[in-house]
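With the sequence shown counted from 1, adding 1420 to any position gets you this note's numbering. No residue lacks a Cβ here, since even glycine has one placed at the ideal position from N, Cα and C.
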Amino acid sequence: MAIAENLFGRSRQRLTMLYSLVMIVFLVLILFVMHRSMEWSITSEQARELLDTAENVSDAQNYMNQHPELVIDDSVVYKSTNDRLFFYVFDGDGRLLNFSRASFRIEPFILDVMQDWNLPEGEVSVYTKSGENGHVSKIMMTAKHVSGTWNGARTGQTVYVGKDVTAMYNGMEKSTYALAIVGVVALLIATAVGHILSGKAMVPLKAAYEKQRQFAADASHELRTPLAVVMASAELLQNDPSIQSPFLKQVIEDVRDEVKKMTKLVSDLLVVARSDNKALKLKLQKFDLSGLLEQTSRLMQPLADQKHITLNTYNLEKTEIQADEQKIRQLILILVDNAVKYTQEEGTVTVSLLKAERGRVKFAVADTGIGIAPEDQEKIFDRFYRVDKARSREMGGNGLGLAIAQEIVNLHKGSIRIESALGKGTTFIVELRTRLTVKGWAGLSRQEEKPAEG
């Protein structure tokens, strides 16, 4: 069940992450739209106010041009410096004719803007002023030419109208920050809810997986006896001297081969089912890993010879370890068999002991075969996964060998990784955690010689 729990746990995490990612995208999109909407609302309303004010000031200035005898009330001209709305009227020669001053804090900046003014009439723009104390001011301004004539000629006068909208933009930013905080809180709540819901969604999947696993275990166990009977019957028929027909002999041979394949599949399925039930136990004992590597390589030599493959062993220095000898033998056999199967004729397979030190041992099985594509390397240890299904069936593969190899490595608290490139071969590197001794060492203490836990 450990593998199943890991599988469903990873799936639940991926669903939660995907859900969170979607929520984050929606949150960012909503914040962006809300911010732009508030900015557009503020800008459009203030721009309309400035344009109306510019029109009114222009009309008033034109009226004053037509009636120079009017006396201007200074209390109207000089408005309070706290009033955020201001205007300045200049003639064609740059002389100031009329004004309602802006705050002393921003007036020098505004005069510089008006001096360099190059915007078309009726267009509104926002200018940013950064103070020495870090204070940032937002100034919205527009300009309008005064219509009419003065002293028999066109006035040439220009009205500049502006407003300090810093407070409004600050309020908009604070609203955006508040929305962001609320959104993050909502995102955390939604992620927690999504995690809970994804867990509930996994319940029927876990139940279906458990039924499938139990069926595989029961079927594998029940099929062993009839397959053994069929195999024994095929061997009896194969040795029966009364059967002389070449056709019947070939049929019996084919039946025997298929039963052998079926028996291996059932055996692999039973191993997988037992690993799911945590029924696989380690029988730790001390043995020579290098000798086991060499012995297994010799067993695979006939199969390598059939394909004219060179099977080499390298650096097999005597290395005694504490591990489950039968399972390590099965692990090596799976890796070497896999290497021989997927190596072309005249190729090379190399079994080597890479590293041996206290607490860890590392060995590798390398080939010059067809290699494995990067996109397949992440899935190569999945059950029933085969890179080339057609070729795997021809070679008798069922997609369980490497899954069982990984399970054996996990039982020994080790790791297995792959290095491969298409057309350049594949190397499986196994690292096991174990108590070991290497030839030439002075020896280990009693504590070091205790078997590792399974």
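Pull the bridge partners of Tyr1580 from the DSSP assignment, please.
Tyr1508 and Ala1563
Which residues DSSP lists as bridging Lys1706, in chain order:
Gln1742
Spell out whether any CB of chain D is found under 8 Å from the CB atom of Leu1668.
Any reference to chain D falls outside this structure, which holds one protein chain only.
Residue from Gly1619, Val1566, Ala1480 and Met1484 whose Cα sits closest to the Cα of Arg1434:
Gly1619
Does the ligand COA have a heavy atom nearer than 7 Å to the CB of Leu1449?
With respect to the ligand COA, the structure shown offers nothing to examine, as it has no ligands at all.
Here's a check: name, in chain order, each residue in its chain whose Cβ is nearer than 8 Å to the Cβ of Arg1853, leaving out the five neighbours to either side.
Gly1779, Arg1780, His1832, Lys1833, Gly1834 and Ala1872
Would you list the residues sitting across from Glu1851 in a DSSP beta bridge?
Lys1782 and Ser1835
8 Å Cβ shell around Gln1721 - same chain, five flanking residues per side excluded
Leu1731
Coarse secondary structure for Asn1732, derived from DSSP in three states
strand
In angstroms, rounded to a whole number, what distance separates the CA positions of Ile1530 and Thr1548?
10 Å
Could you give the distance in angstroms between the alpha-carbon of Leu1755 and the alpha-carbon of Asp1708?
18 Å
Using the C-alpha atoms, what's the distance from Asp1674 back to Glu1655?
11 Å
Thinking just about the alpha-carbon of each residue, which of Val1650, Met1534, Ile1663 and Gln1664 is nearest to the one in Glu1678?
Val1650
Going by DSSP in three states, Asp1802 sits in which element: helix, strand or coil?
coil
Of the listed residues Leu1702, Gln1726, Arg1718 and Leu1736, nearest to Ser1710 (C-alpha basis)
Leu1736
With contact counted as at least three CB pairs below 8 Å, one residue from each stretch, are the region 1734–1748 and the region 1835–1848 in contact?
no
Whole angstroms is fine: what's the gap from Gly1582's alpha carbon to Pro1540's?
15 Å
Give the single residue among Ala1786, Tyr1734 and Gly1821 whose Cα lies nearest to the Cα of Ile1800.
Gly1821
Check whether the Cβ atoms of Phe1783 and Val1829 sit closer than 8 Å, and answer yes or no.
no
By the three-class DSSP mapping on this structure, what secondary structure does Ser1772 have?
strand
Terminal residues of the continuous beta strand (DSSP E) containing Phe1519?
Leu1516 to Ser1520
Cβ neighbour criterion (16 or more within 10 Å) applied to Lys1703:
exposed
Can you tell me which residues form a DSSP beta bridge with Lys1549?
Ser1557
Helix, strand or coil: how does DSSP classify Phe1428 here?
helix
Determine the extent of the alpha helix (DSSP H) in which Ala1724 is found, giving its start and end residues.
Gln1721 to Gln1726
Does Lys1775 pass the burial test, meaning 16 or more other C-beta atoms within 10 Å, or should it be called exposed?
exposed
Could you tell me the distance, in whole angstroms, from the CA atom of Ser1903 to the CA atom of Arg1456?
Outside the displayed range of the chain (1421 to 1874) lies residue 1903, so it cannot be described from this structure.
Does Glu1777 come out as helix, strand or coil in the three-state DSSP assignment?
strand
Would you identify the three-state DSSP class for Gly1619, choosing helix, strand or coil?
helix
Using beta-carbon positions only, say whether Ala1786 and Asp1802 come within less than 8 Å of one another.
no
Environment of Glu1795 [buried if 16+ CB atoms lie within 10 Å]
exposed
Per DSSP, what kind of secondary structure is Ser1840 in: helix, strand or coil?
strand
Provide the residue(s) that pair with Thr1846 in DSSP beta bridges, ordered along the chain.
Asp1787 and Ser1840
Who are the Cβ neighbours of Leu1505 in its own chain at under 7 Å, not counting the five residues just before and after it?
Thr1473 and Lys1583
Suppose you measure from the CA of Leu1517 to the CA of Ser1523; what does that come to, to the nearest Å?
19 Å
Return the CA-CA distance between Tyr1439 and Ile1601, expressed in angstroms with no decimal places.
19 Å
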